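> This is the structure I have questions about; it appears just below.
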Amino acid sequence: MELRQERRAVDRPLVSVVDDDESVRESLPDLLGELGFAARTFSSAEEFLASDCLDQARCLILDIAMPGMSGPDLQRELKLRGQEIPIIFITASTDKSTRPRLLEQGAVECLFKPFSDTALLKAINTAFHRK
Amino acid sequence: MEVQSEHASGEIKHLQRCINDLISLLALPAIWSGGDPSQVLHTLLDALMRMLRLDLVSVRLTDLVGGAPVEIVRLAELRGRVPSAHEICEALSQCLENDSRKWPPLLRNLMGEGDVSIVPLPLGLQGELGVIVAAAERTDFPRQTEALLLSVAANQASIGLQEARLLSHQKRLASELDQRVVQRTAELATANEELKKEFAERRLVEERLGQEEMELKRSEVRKAAIVDSALDCVVTIDHEGCITEFNPAAEHTFGYPREEVLGKHLPDVIIPPSLREKHQQGFARYLATGEAQVLGKRIEMTAVRADGSEFPVELAVTRIPLEGPPSFTGHLRDITERKRAEQELRRSQAFLAEAQHLSRTGSFSWRVATDEITWSEQLYRMFQIDRDAQVTFELICTRIHPEDLSVFQEHIERSRRDRSDVQLEFRLQMPDGAVKYVHVAAHIRGDHGQPEYIGAVQDVTERRSSEEALSKARSELSQVARVTSLGVLTASIAHEVNQPLSGIITNAGTCLRMLAADPPNVEGARETVRRTIRDGNRAADVISRLRALYSKKEPTIESVDLNEATREVLALSLSELQRNRVIVQQELVDDLPLVAGDRVQLQQVILNLLRNASDAMSTIDDRPRDLLIRTEPDDDDRVRLSVSDVGIGFEPQATDKLFEAFYTTKDEGMGIGLSVSRSIIERHHGRLWAMPNSGPGVTFSFSVPCKVEGLTSDSARASRTPSVSDAA
Chain A
1 MELRQERRAV
11 DRPLVSVVDD
21 DESVRESLPD
31 LLGELGFAAR
41 TFSSAEEFLA
51 SDCLDQARCL
61 ILDIAMPGMS
71 GPDLQRELKL
81 RGQEIPIIFI
91 TASTDKSTRP
101 RLLEQGAVEC
111 LFKPFSDTAL
121 LKAINTAFHR
131 K
Chain B
132 MEVQSEHASG
142 EIKHLQRCIN
152 DLISLLALPA
162 IWSGGDPSQV
172 LHTLLDALMR
182 MLRLDLVSVR
192 LTDLVGGAPV
202 EIVRLAELRG
212 RVPSAHEICE
222 ALSQCLENDS
232 RKWPPLLRNL
242 MGEGDVSIVP
252 LPLGLQGELG
262 VIVAAAERTD
272 FPRQTEALLL
282 SVAANQASIG
292 LQEARLLSHQ
302 KRLASELDQR
312 VVQRTAELAT
322 ANEELKKEFA
332 ERRLVEERLG
342 QEEMELKRSE
352 VRKAAIVDSA
362 LDCVVTIDHE
372 GCITEFNPAA
382 EHTFGYPREE
392 VLGKHLPDVI
402 IPPSLREKHQ
412 QGFARYLATG
422 EAQVLGKRIE
432 MTAVRADGSE
442 FPVELAVTRI
452 PLEGPPSFTG
462 HLRDITERKR
472 AEQELRRSQA
482 FLAEAQHLSR
492 TGSFSWRVAT
502 DEITWSEQLY
512 RMFQIDRDAQ
522 VTFELICTRI
532 HPEDLSVFQE
542 HIERSRRDRS
552 DVQLEFRLQM
562 PDGAVKYVHV
572 AAHIRGDHGQ
582 PEYIGAVQDV
592 TERRSSEEAL
602 SKARSELSQV
612 ARVTSLGVLT
622 ASIAHEVNQP
632 LSGIITNAGT
642 CLRMLAADPP
652 NVEGARETVR
662 RTIRDGNRAA
672 DVISRLRALY
682 SKKEPTIESV
692 DLNEATREVL
702 ALSLSELQRN
712 RVIVQQELVD
722 DLPLVAGDRV
732 QLQQVILNLL
742 RNASDAMSTI
752 DDRPRDLLIR
762 TEPDDDDRVR
772 LSVSDVGIGF
782 EPQATDKLFE
792 AFYTTKDEGM
802 GIGLSVSRSI
812 IERHHGRLWA
822 MPNSGPGVTF
832 SFSVPCKVEG
842 LTSDSARASR
852 TPSVSDAA
């Protein structure tokens, strides 16, 4: 922990969060910071695509249901653009049937809200490991 | 003396006689006038015999009228035997030479015994006419007077003969002339006759020719009249393809005056440019080889009018049977109408067949009197009977389901008897055992002599089975819908609660980590706790709203801000709307008057309207699923809220039914929402209605009265606060 805290923010691996829910955008960066990552948040897929984050983010935490472009839409778009960012889906939906489909499409994990910090860390580690 | 006187008186008498004879002789030519030579000679010889005492006088004419010499002899009555004139002539010609001047004065034994003195008297200047011979036995012959008389007589005879000869010659000439005239006349008559005959013949020929010409002319006029009045276009061309005739129908059809096209090349006038080359080739081939693909046949081709428009024609070309280079006549008929009619017919036949096929309907006719039945193709298919089979009731009955056969036959007999219209449903049974339901409708037409049923047979098997399936599905559906709506509700609640819960748990986890740090990040932890409390409140809010929404508590009247109530409902249902790809637009007017009512019930209505709008657009993919929710002041101190969608809408006449329980345009759902909504609004002394949009979709609106004085929005808010704190 000490080591991690001493690391400068610029050295930390960047994790991007895309979710239209404000409470997620507020709470996740602090948790990610505690876990040793830098975080940037976006309220929509379009905002994320327009940012300079595409090349820098090593992992993407992505909400499924959003107005406009949905999470899976963004996943397809990134694949089309040749961006191989590992994706961790998060959703407030209780429909468990979406998970296998998303994993099949290449997602690292699909977490159902509310999820624990350890579950999130495990998923991020898997994502980094995959890369 | 006496003798002398006697001698003198005798001399005088002699002289006197001589003078008398001379006068007689001189008078002879008057007697002879108009006579012929033989008459001249006879009278002369008679006169000489009488005047002179001659024993013989003869005359020989050498060439009287071109015939044989004539000899006439006069003899005195001599003693003894009398020689014939012929003998004397013979004797004379033997003893005398032709030239009378050399004749001797005496001829011995001319007529037997004794000498005879002869005096030859030549006729004509040179004796060319002939010679007279006078002879006497007397020795004193001829005395001086006698010689004179003979000489005068010879002269007179010469003159008479000459005249007679001339006369005869003239007569002969005249006769010859006459004869020639007669002959010539005859010849002329003959010639004339022949001419007449020839003329008559020629006239006959001319008449015939004239008649033929007239016939020809008449026939030409007749033909021209036929050609001119023909409905078909008649065009003739010569061996070079140049137009020689162009009748009025052709003028009308092609739009050229006759004068303009005569002599022009036919293909350039009536054949479309694209086909000209082909025509030229065919024409050239015919001229070269005599083989033609178009002669004597009816062919269809495309022609072009003066204005360039093309149209179909029927064409028959024949060669005109005349000597010389070939010429042709073409009969053309504009068949645009016929073609169009044919096409129409084909199309309507195709339409009918297709319509019958699609609607599984066949048609038939039945002549009652003869049992003659005609089927459309679809009927053969429906009955699975060979297209070529002769349709009879016997055959039809083989396809009727055995259980329906008696009903069918009974209907047929009744139709035969009553001739009333037929409506009948029965079953068919195919050879493979398959059963078909068919519906027959037929009406009778035609007079009483020839009544005929015309009707249709529809295969209603599918409708029958789908009707059965539908009623079964309906009963199942109501149960399924109930379960489904519960599931949808649960999911909705979970989703709304999971969002704030997620925040709470994340914040709590972060807080723990911050506090566990060395040194602890107290400030950060405090912030996470603050957010945790806020999210907890949010979650509680959601729960209380849901509880209020779905609880069956009695309505409570309070001041309600419809804008806020709307925002709360939107907050609850937004994620579901988003999931359904609905794009929500809000037009909530500022300073909206408060209304008096049960907030939760009004929110139930709003939620219901949003759900309906969302459902109405669930199948819309060709346009954005726009939803507009708006609030505005209405007339008579009312407030109006409306929800517009761009969904499938509903039939205008269904407006009243919309609010009936169980009426639904949705495939799923119970359709109970709108009727409940309406009853809620009516309890608020308001009204709820629906209007089709000018574009796609529907707008549902309700209008409720503003609140009466006394209640404020503050009190409304206050009434809600406890539930929030309860949940917290």
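From first to last, the protein sequence lines are chains A and B. Following my numbering, the numbering of the first sequence begins with 1 at its first residue and continues without gaps. Following my numbering, the numbering of the second sequence begins with 132 at its first residue and continues without gaps. Virtual Cβ for every residue (Gly too), placed ideally from N, Cα, C. Keep in mind that this is a model prediction, so the values were computed, not measured.
1. What first and last residue would you give for the alpha helix (DSSP H) that runs through Ser537/B?
2. Pull out every residue of the segment 22–35 of chain A whose Cβ sits closer than 7 Å to any Cβ of chain B, in chain order.
3. Figure out for me which residue from Asp692/B, Ser440/B and Trp506/B has the closest Cα to the Cα of Thr384/B.
4. I want to see whether chain A comes within less than 9 Å of Gln480/B, judged by CB atoms only; does it?
5. Does the Cβ-Cβ distance between Leu758/B and Ser745/B come in under 9 Å?
6. Find the nearest neighbour of Pro823/B within the set Gly778/B, Gly817/B, Glu337/B and Leu179/B, judged by alpha-carbon distance.
7. Since Gly493/B contacts Ala587/B with CB under 8 Å, what's their CB separation in whole angstroms?
8. Between Ile90/A and chain B, is the shortest Cβ-Cβ distance under 9 Å, so that the two count as touching?
9. Asp65/A touches chain B at which residues, Cβ-Cβ below 8 Å?
10. Roughly how many angstroms separate the alpha carbons of Arg771/B and Asp55/A, rounded to a whole number?
11. How long is the line joining the alpha carbons of Leu740/B and Ser773/B, rounded to whole angstroms?
12. Just to confirm, is the Cβ distance from Leu705/B to Val691/B under 9 Å?
13. To the nearest angstrom, report how far apart Thr796/B and Ala747/B are at their CA atoms.
14. Buried or exposed: which applies to Phe89/A, given that a residue is buried once 16 or more other Cβ atoms fall within 10 Å of its Cβ?
15. Give a yes or no on whether 9 Å exceeds the smallest Cβ distance from Pro114/A to chain B.
16. Can you name the residues of chain B whose CB is closer than 8 Å to the CB of Thr41/A?
17. Excluding the five sequence neighbours on either side, which residues of its own chain have a C-beta within less than 6 Å of the C-beta of Ser606/B, listed in chain order?
18. Does the beta carbon of Asp776/B sit closer than 9 Å to a beta carbon anywhere in chain A?
19. Give the range of the beta strand (DSSP E) segment to which Cys59/A is assigned.
20. Just checking, does the segment 252–268 of chain B make contact with the segment 153–166 of chain B on the three C-beta pairs under 8 Å criterion?
21. Alpha carbons only, please: which of Pro443/B, Glu343/B, Arg742/B and Ala486/B is nearest the one belonging to Glu473/B?
22. How about Ser43/A and Glu22/A: are their beta carbons less than 9 Å apart?
23. Does the beta carbon of Asp117/A sit closer than 9 Å to a beta carbon anywhere in chain B?
24. Using only alpha-carbon positions, find the residue among Gln515/B, Ala565/B and Ile575/B that is nearest to Ile543/B.
25. DSSP three-state call for Gly720/B: helix, strand or coil?
26. Please state whether DSSP places Thr762/B in a helix, a strand or coil.
27. DSSP three-state label for Ile779/B, please.
28. Checking contacts by CB at 9 Å: is Ile635/B closer than that to chain A?
29. Can you tell me which of the three DSSP states Glu556/B falls into?
30. Counting Cβ pairs, one atom from each stretch, are 3 or more of them under 8 Å apart for the segment 622–638 of chain B and the segment 651–670 of chain B?
31. Between which two residues does the alpha helix (DSSP H) holding Val571/B run?
32. Using a Cβ cut-off of 7 Å, pull out every chain B residue sitting near Thr98/A, in sequence order please.
33. Hey, does Leu93/A have any beta-carbon neighbour from chain B nearer than 9 Å?
34. Beta-carbon of Gln589/B versus every beta-carbon of chain A: anything under 9 Å?
35. Chain A beta carbons: is any one of them nearer than 9 Å to that of Leu725/B?
36. Assign Met561/B to one of two classes, buried (16 or more other C-beta atoms within 10 Å of its C-beta) or exposed (fewer than that).
Judging by the given coordinates:
1. Mapped onto the second sequence, residue 537/B falls at position 406. Start and end: Leu536 to Asp549.
2. Ser23, Val24, Glu26, Ser27, Leu28, Asp30, Leu31 and Glu34
3. If you number the second sequence from 1, residue 384/B lands on position 253. Closest by alpha carbon: Ser440/B.
4. Counted from its first residue, the second sequence places residue 480/B at position 349. Judged by the 9 Å Cβ criterion, Gln480/B is not in contact with chain A.
5. Position 627 of the second sequence, counted from the start, is the residue given in the question as residue 758/B. Position 614 of the second sequence, counted from the start, is the residue given in the question as residue 745/B. Against a cut-off of 9 Å, the Cβ pair of Ser745/B and Leu758/B comes out as a contact.
6. Within the second sequence, residue 823/B is the residue found at index 692, counting from 1. Answer by Cα proximity: Gly778/B.
7. Within the second sequence, the letter at position 362 stands for residue 493/B. Within the second sequence, the letter at position 456 stands for residue 587/B. Right, their Cβ atoms sit about 7 Å apart.
8. By 1-based counting over the first sequence, the position of residue 90/A is 90. Cβ-Cβ to chain B under 9 Å: yes for Ile90/A.
9. Position 65 of the first sequence, counted from the first residue, corresponds to residue 65/A. Inspection of the sequence shows that residue 65/A is occupied by Ala rather than by Asp. Those within 8 Å of Ala65/A in chain B are Ser706, Gln709 and Arg710.
10. In the second sequence, counting from the first residue as 1, residue 771/B sits at position 640. In the first sequence, counting from the first residue as 1, residue 55/A sits at position 55. Each residue's alpha carbon lies about 51 Å from the other.
11. On the second sequence, position 609 is the one that residue 740/B refers to. On the second sequence, position 642 is the one that residue 773/B refers to. Going by the C-alpha atoms only, they are around 9 Å apart.
12. What you label residue 705/B is simply residue 574 of the second sequence in a count that begins at 1. What you label residue 691/B is simply residue 560 of the second sequence in a count that begins at 1. No; because the gap between Cβ atoms is not below 9 Å, this pair is not in contact.
13. Counted from its first residue, the second sequence places residue 796/B at position 665. Counted from its first residue, the second sequence places residue 747/B at position 616. Its pLDDT being 49, under 50, Thr796/B is placed unreliably in this model, and the value from its coordinates should be taken loosely. Each residue's alpha carbon lies about 8 Å from the other.
14. The sequence position of residue 89/A within the first sequence is 89, counting from 1. So Phe89/A ends up on the buried side.
15. Locating residue 114/A in the first sequence gives position 114, where the first residue counts as 1. Yes - at least one Cβ of chain B is within 9 Å of the one on Pro114/A.
16. To locate residue 41/A, count along the first sequence from 1; it is residue 41. Residues of chain B passing the Cβ test: none, with the nearest at roughly 13 Å.
17. Working through the second sequence from its first residue, we reach residue 606/B at position 475. Any reading at Ser606/B needs caution, since the residue's pLDDT is 42, under 50, leaving its predicted position unreliable; the model's value is listed next. Nothing meets the Cβ criterion.
18. For this step, residue 776/B is matched to residue 645 along the second sequence. Chain A contact via Cβ: absent.
19. One-based indexing of the first sequence puts residue 59/A at position 59. Cys59 to Asp63 is the extent of the beta strand (DSSP E) around Cys59/A.
20. no
21. Stepping through the second sequence from its first residue, residue 473/B is reached at position 342. Cα-wise, what sits closest to Glu473/B is Pro443/B.
22. On the first sequence, residue 43/A is found 43 positions in, with the first residue counted as 1. On the first sequence, residue 22/A is found 22 positions in, with the first residue counted as 1. The answer is yes: Cβ separation under 9 Å.
23. Within the first sequence, numbered from 1, the residue matching residue 117/A stands at position 117. So yes, Asp117/A belongs to the interface.
24. To locate residue 543/B, count along the second sequence from 1; it is residue 412. If we check each option's Cα against that of Ile543/B, Ile575/B comes out closest.
25. Within the second sequence, residue 720/B is the residue found at index 589, counting from 1. Strictly speaking, residue 720/B in this sequence is Val, with Gly absent from that position. Correct three-state label for Val720/B: coil.
26. Reading the second sequence from its first residue, position 631 is the one you call residue 762/B. It is a strand residue.
27. In the second sequence, the residue the question calls residue 779/B occupies position 648. It is coil, neither helix nor strand.
28. The sequence position of residue 635/B within the second sequence is 504, counting from 1. It does; some Cβ of chain A falls within 9 Å.
29. Within the second sequence, the letter at position 425 stands for residue 556/B. Strand, per DSSP.
30. yes
31. Numbered from its first residue, the second sequence carries residue 571/B at position 440. Here Val571/B belongs to no alpha helix (DSSP H); instead the beta strand (DSSP E) covers Val566 to Arg576.
32. Within the first sequence, the letter at position 98 stands for residue 98/A. In chain order: nothing, as chain B lies at least about 11 Å away.
33. Residue 93/A sits at position 93 when you count from the first residue of the first sequence. Checking the displayed sequence, the identity of residue 93/A turns out to be Ser instead of Leu. True, the Cβ-Cβ gap to chain B drops below 9 Å.
34. The residue you call residue 589/B lines up with position 458 of the second sequence. Not closer than 9 Å to any Cβ of chain A, the Cβ of Gln589/B fails to qualify, so no.
35. Numbered from 1 along the second sequence, position 594 holds the residue referred to as residue 725/B. Not one chain A Cβ lies under 9 Å of Leu725/B.
36. By 1-based counting over the second sequence, the position of residue 561/B is 430. That one is exposed.
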